[in-house]
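What follows is one structure encoded as structure tokens, with my remarks underneath.
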Amino acid sequence: MSGYFTTATYTHKLLQSTPLLVHQDFLGTVMNANLGDKDAQVALGDMYRNGKGVQQDYQTAMVWYLRAADQGDSQGQSKVALLYRDGLGVRQHHATAIKWYLKAAEQGDSLHNGMLPIRTRKLKV
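And the structure:
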């Protein structure tokens, strides 16, 4: 775990929050993400991807996912793959999606490793 909170904790807090608390959580998440906290970076990417507390923006989500992914975070890598797979904020590119899914699986995360065939089965390279 890179920071005090896990990505799941950040996401759970945001889903349970009122608009004012979402804004406060957003500011705290931005601060931690800018300090290099991988979990906060993924959580911030999730906020932008889902439009939770901020205007939905897939390109900004990709920026935050890439920051976590480039630090070796398997969740960040998987989310980068998802955006490439679905063409959200980037040009759809299945080969790049597969590359990122493989990186996530290589981290030893059993969720990503076990889901790899399912996530890549219908992708055309």
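Reminder that position 26 of the sequence shown reads as 145 in the working numbering, one-by-one numbering, no gaps. Cβ coordinates follow ideal geometry from the N, Cα and C atoms, glycine included. All values reported here derive from a predicted model rather than from experimental measurement.
A residue is called buried when at least 16 other Cβ atoms come within 10 angstroms of its Cβ; ARG168 meets this threshold and is buried. Per DSSP, reduced to three states, the secondary structure at GLN160 is helical. Comparing C-alpha distances from GLY227 to each of HIS213, SER193, THR215, LEU202 shows the shortest one belongs to SER193.
Collapsing the DSSP output to three states places LEU146 in a helix.
The beta carbon of LEU207 sits closer than 6 Å to the beta carbons of TYR177 from its chain, once the five residues preceding and following it are set aside; these are given in chain order. About 5 Å separates the beta carbons of LYS157 and GLN190, which is inside the 8 Å limit, making them a contact pair. Secondary structure note for GLN194: its alpha helix (DSSP H) is the uninterrupted segment 193-205.
Counting along the chain, VAL182 sits inside the alpha helix (DSSP H) bounded by residues 177-189.
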